[in-house]
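> Positions in the sequence shown are counted from 1; adding 14 to them yields this note's numbering.
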Amino acid sequence: MANITGIPDKLWQPSIITIDTSLGEFSIELYWKHAPNTCRNFAELSRRGYYNNTVFHRIISDFMIQGGDPTGTGRGGNSIYGKEFVDEIHPDLRHSGAGIISMANSGPNTNLSQFFITLSPTQHLDGKHTIFGRVYSGMGVIKRLGNVDTNRDDRPIEENIMAAREPVKRIIQQVRPILSVDREEARQRVINLYKAWHRTAPFIVEKFDIPKSVPQVRQKLKEEFLKNKDVSDVRVIDMLVIKGQMELKETTKIWKQKGHIMRYWQESIEPKSNDFLSKFMSGHN
15 MANITGIPDK LWQPSIITID TSLGEFSIEL YWKHAPNTCR NFAELSRRGY YNNTVFHRII
75 SDFMIQGGDP TGTGRGGNSI YGKEFVDEIH PDLRHSGAGI ISMANSGPNT NLSQFFITLS
135 PTQHLDGKHT IFGRVYSGMG VIKRLGNVDT NRDDRPIEEN IMAAREPVKR IIQQVRPILS
195 VDREEARQRV INLYKAWHRT APFIVEKFDI PKSVPQVRQK LKEEFLKNKD VSDVRVIDML
255 VIKGQMELKE TTKIWKQKGH IMRYWQESIE PKSNDFLSKF MSGHN
């Protein structure tokens, strides 16, 4: 089994996880307050794609559907902690009806990646399995999964492929603050690029009155630009800047198209220092 250890930050607590199956989609609400370690394990495994292309390998009508084993045998699985982890039994939570999601185990404190979803009240499981969520939406899909044909080992005759993911909207909401920090850093680096252009462009324009060879000018520009102390990396522009700082779009486009940095020279722009800078700073192509 591959090493999947790596525990995410405790501040990362997605409340909803969506599971796609061959019979439809359903979402699970996680009970972080009651079972934080179990929720973190399930959420992180989902984020990594650990459950992708796995199946609900055990289905018992009017009882439960069980999945989360990448081997599909009921004997596999792992956790983000690299080992079995302890139960988080909470007195306020009961297997009181259909749609309860709980950890499958082989005894006390043997949780890994397998889980089950109830199809009816199963109070005899209370105190033995960690409840960590409930079906938030898509209960009809759960019922359809619970009614598929199975063999004598409770294994579905036709495999039901599943994949777990966090809803895109919630991912965006959580990532946006991080992107804002990165975007500000990228913006500052672009300001440094502007400074470098201010210092470098006059030299280039003065050095080459009217470019006889555009490739020659382009190469010289690159050499002089990289000498500037404000420039540490030509490839500082990324999609964060393009998406988040629209006023920099033209600049980023020029630097993305490395071979066309000097396209405006081909348009026979009169090579005067002020024109050069003003046209570049205004995003002239």
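Where a beta carbon is used, it is the ideal one built from N, C-alpha and C, also for glycine.
Owing to the predicted nature of the structure, the values given are computational and were not obtained by experimental measurement.
Can you confirm whether the segment 108-116 touches the segment 139-153 when touching is taken to mean that 3 or more C-beta pairs between the two stretches lie within less than 8 angstroms?
Yes: at least three Cβ pairs fall under 8 angstroms.
> Looking at C-alpha atoms only, which residue of HIS48, ASP168, ASN174, ASP83 is the closest neighbour of VAL155?
Counting from 1 along the sequence shown, the entry for residue 155 is found at position 141. Selected option, being the one with the closest Cα: ASN174.
> According to DSSP, what are the bridge partners of PRO170?
Within the sequence shown, numbered from 1, the residue matching residue 170 stands at position 156. Answer is THR164.
> Could you check the C-alpha separation between ILE145 and MET117 for me, to the nearest Å?
By one-based count along the sequence shown, residue 145 stands at place 131. By one-based count along the sequence shown, residue 117 stands at place 103. Each residue's alpha carbon lies about 7 angstroms from the other.
> Could you tell me the alpha carbon to alpha carbon distance between ARG61 and ILE30, rounded to whole angstroms?
Counting from 1 along the sequence shown, the entry for residue 61 is found at position 47. Counting from 1 along the sequence shown, the entry for residue 30 is found at position 16. Approximately 12 angstroms, taken between the alpha carbons.
> Measure the C-alpha to C-alpha separation of SER134 and GLY121 and round it to an integer number of angstroms.
Looking up residue 134 in the sequence shown gives position 120. Looking up residue 121 in the sequence shown gives position 107. Each residue's alpha carbon lies about 22 angstroms from the other.
> Rounded to whole angstroms, how far is the Cβ of LEU126 from the Cβ of GLU172, which I believe are closer than 8 angstroms?
Walking along the sequence shown from the start, residue 126 turns up at place 112. Walking along the sequence shown from the start, residue 172 turns up at place 158. Wrong, their Cβ atoms sit about 26 angstroms apart, outside the cutoff.
> Express the C-alpha separation of ALA57 and LYS32 in angstroms, rounding to a whole number.
As a working note, residue 32 is residue 18 in the sequence shown. As a working note, residue 57 is residue 43 in the sequence shown. The sequence shown places Thr at residue 32, not Lys. Their Cα atoms are separated by approximately 10 angstroms.
> Per DSSP, which one or two residues make a beta bridge with ARG89?
Locating residue 89 in the sequence shown gives position 75, counting from the first residue. Paired residues: none, contrary to the question.
> Leaving aside the five residues before and after GLN80 along the sequence, list all residues of the same chain whose C-beta is less than 6 angstroms from its C-beta, in chain order.
Mapped onto the sequence shown, residue 80 falls at position 66. Counting only Cβ-Cβ distances below 6 angstroms, and skipping sequence neighbours, we find ARG72, ALA118, PHE130.
> Cβ atoms of GLU102 and HIS138: under 8 angstroms apart, would you say?
Reading the sequence shown from its first residue, position 124 is the one you call residue 138. Reading the sequence shown from its first residue, position 88 is the one you call residue 102. Cβ atoms of HIS138 and GLU102: not closer than 8 angstroms.
> So is ILE74 buried or exposed if we call it buried at 16+ other beta carbons inside 10 Å?
The residue given as residue 74 occupies position 60 in the sequence shown. The residue is exposed, with fewer than 16 neighbouring Cβ atoms inside 10 Å.
> Quick check on this structure: which residue in MET78, TYR95, GLY160 has the alpha carbon closest to the alpha carbon of THR124?
Here residue 124 is taken as the residue at index 110 of the sequence shown, counted from 1. Checked all of MET78, TYR95, GLY160; the closest Cα to THR124 is TYR95.
> What residue range is occupied by the uninterrupted beta strand (DSSP E) comprising PHE129?
Numbered from 1 along the sequence shown, position 115 holds the residue referred to as residue 129. It spans 129-132 - the beta strand (DSSP E) in which PHE129 sits, taken as one unbroken run.
> Compare the C-alpha of THR104 against each of GLY82, LEU59, GLY141, ASP83 and name the closest.
The residue you call residue 104 lines up with position 90 of the sequence shown. Sequence inspection shows His at residue 104; the Thr mentioned does not correspond to that position. Nearest of GLY82, LEU59, GLY141, ASP83 to HIS104, Cα basis: GLY141.
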